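Just so you know, we're using our numbering here: the sequence shown kicks off at 10 and counts up by one.
All residues carry an ideal CB built from backbone N, CA and C; glycine is no exception.
It should be emphasised that the depicted structure is a prediction, and the values quoted were computed from it without experimental measurement.
Step one of this worksheet: look at the structure below.
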Amino acid sequence: MIGHETSLGNGAIKMPIRRTEVKSFALSSGMQSITIPNAFIGQLPTRLIMGMVSNNAFNGDFTKNPFNFKHYDLTYLCVLDGNRMIPSKPFQPKFDGSNCYSRCYMSLFTDLGRYHKDQDINISFSVNIRMGILCSL
10 MIGHETSLGN GAIKMPIRRT EVKSFALSSG MQSITIPNAF IGQLPTRLIM GMVSNNAFNG
70 DFTKNPFNFK HYDLTYLCVL DGNRMIPSKP FQPKFDGSNC YSRCYMSLFT DLGRYHKDQD
130 INISFSVNIR MGILCSL
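Following this line, the structure appears as structure tokens:
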């Protein structure tokens, strides 16, 4: 305890804080491309999980489930930090039955620290695709 008191007397305390933040962006239907400038001001998040849901469900329509994510035929997903692309190879899922969307599902395991471990995230591959994808950037 005395060591703590002397440390506090020498300067300010620096404590790591993990905060969770939910951001929403409204996208018009039928758009082929969207850019959201300055989506993050200041420090970039260490983890970003992206999902898309209908506007009615997001706004609280009682007949809609706000956790029923949809893929809306997403074909390309990345985040640009200046000239750096995150991930370095963008997600390019194809929802034509070719199984070219497994990388989005695998990103959840790797970014949540569950890859090659006997731990589940309680979202199966079939549910992630049928109910809508979640991608971790």
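Length of the line joining the Cα atoms of residue i and residue j
i, j, result
"I58", "F71", "25 Å"
"N74", "H80", "15 Å"
"I45", "I26", "26 Å"
"E30", "T15", "35 Å"
"S4", "I95", "Absent from the model: residue 4. The displayed extent of the chain is 10 to 146, so no value can be given."
"G51", "S97", "21 Å"
"A21", "G12", "15 Å"
"N19", "L83", "53 Å"
"F76", "M24", "33 Å"
"A66", "K32", "16 Å"
"F118", "G60", "15 Å"
"G69", "N92", "37 Å"
"D105", "C113", "15 Å"
CB contact flag (residue i, residue j, <7 Å)
i, j, result
"P99", "C87", "yes"
"L36", "I43", "yes"
"F49", "V62", "no"
"C144", "S116", "yes"
"D120", "R28", "no"
Selection from the options that minimises the alpha carbon distance to residue i
i, options, result
"M40", "L89, D90, Y85, N92", "Y85"
"N64", "D90, N47, F34, L89", "F34"
For the segment 78 to 113, which segments carrying the beta strand (DSSP E) assignment without a break, of at least 3 residues, lie completely within its bounds, in sequence order?
-> The segment 78 to 113 contains these whole beta strand (DSSP E) runs: 86 to 90, 93 to 100.
Ignoring anything shorter than 3 residues or poking outside the segment 20 to 86, list the beta strand (DSSP E) runs there in chain order.
-> 58 to 60
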